[in-house]
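Enquirer:
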Amino acid sequence: MESHVRELTSEILTAHVTASKPATHSELPFVQGELKQLLKERNRARKLWRFTRHPQHKTELNRLQNTIKRKVELYRQQVWEDHLTSLDTEDGSLWGTAKAFRKKAAPISALNGPNGTALSDTNKTDLIANSLESQFKLNDIQNPHKDEIITNIVHAYLTTNANNTDPLPPALPSE
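Numbering-wise (this note's numbering), the sequence shown opens with residue 862 and increments by one.
#1: So, for E921: in the same chain, excluding its five sequence neighbours on each side, which residues have a beta-carbon less than 7 Å away from its beta-carbon?
#2: Helix, strand or coil: which one does DSSP assign to T983?
#3: Looking only at its own chain, which residues have a Cβ that is under 6 Å from the Cβ of T983, when we skip the five neighbours before and after it?
#4: Using CA atoms only, rank isn't needed, just tell me which of K964, E895 and R963 is closest to S931.
#5: At the level of alpha carbons, what is the spacing between Q996 and A990?
#6: Assign T978 to one of three DSSP states: helix, strand, or coil.
#7: Measuring only the C-alpha atoms, how far is L1029 from I1011?
#8: Straight-line CA distance for E994 to T1020?
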């Protein structure tokens, strides 16, 4: 019996391993080291500058922000270089990356409106503005006595107390 339980457990675990995707860590290893410490220092310097508004603290904050910006740019450049060196013609990754660079971005399509097709940016903004203006205007009331009818219905409802409930007593000053 014990052997069957062990065998079943091992089969379940192997099925789980083969069917599951490996977990990927979203936090980059570069952030763990020097950059993480710089981010903490920058946040501390920002908090200090916001509290004091002293020019020296602002200078320190700017220095830390520029340092972080340079380190992040170096890291991105290194990642890009690693990606380029890992490209291979055998698995098609080189051709996929080249295709992505050759492919032109699709232009934003034209908008169709009541006055025709809007192609330029100014025509598109006018079309969107007109659409929003028509959507957010007061409704046309065909019957001028409609307001009076609605007011009478609401007044009658409130006076007859259709729910058969007693109105709430007024609040006392002690409450």
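The beta carbon of each residue, even a glycine, is placed where N, CA and C say it ideally should be.
Expert: Taking the definition as stated:
#1: Working through the sequence shown from its first residue, we reach residue 921 at position 60. Only A906 meet the Cβ criterion.
#2: Within the sequence shown, residue 983 is the residue found at index 122, counting from 1. The answer is helix: DSSP assigns T983 an H, G or I state.
#3: Counting from one through the sequence shown, the residue named residue 983 turns up at place 122. Here the set comprises nothing.
#4: Stepping through the sequence shown from its first residue, residue 931 is reached at position 70. The question names Ser, but residue 931 in the sequence shown is Arg. Comparing Cα-Cα distances from R931 to each of K964, E895 and R963, the minimum goes to E895.
#5: Within the sequence shown, the letter at position 135 stands for residue 996. Within the sequence shown, the letter at position 129 stands for residue 990. If I take the Cα positions, the gap works out to 10 Å.
#6: Residue 978 sits at position 117 when you count from the first residue of the sequence shown. If DSSP states are grouped into helix, strand and coil, T978 belongs with the strands.
#7: Within the sequence shown, residue 1029 is the residue found at index 168, counting from 1. Within the sequence shown, residue 1011 is the residue found at index 150, counting from 1. Going from the Cα of L1029 to the Cα of I1011 covers about 25 Å.
#8: Here residue 994 is taken as the residue at index 133 of the sequence shown, counted from 1. Here residue 1020 is taken as the residue at index 159 of the sequence shown, counted from 1. The straight-line gap from Cα to Cα measures roughly 39 Å.
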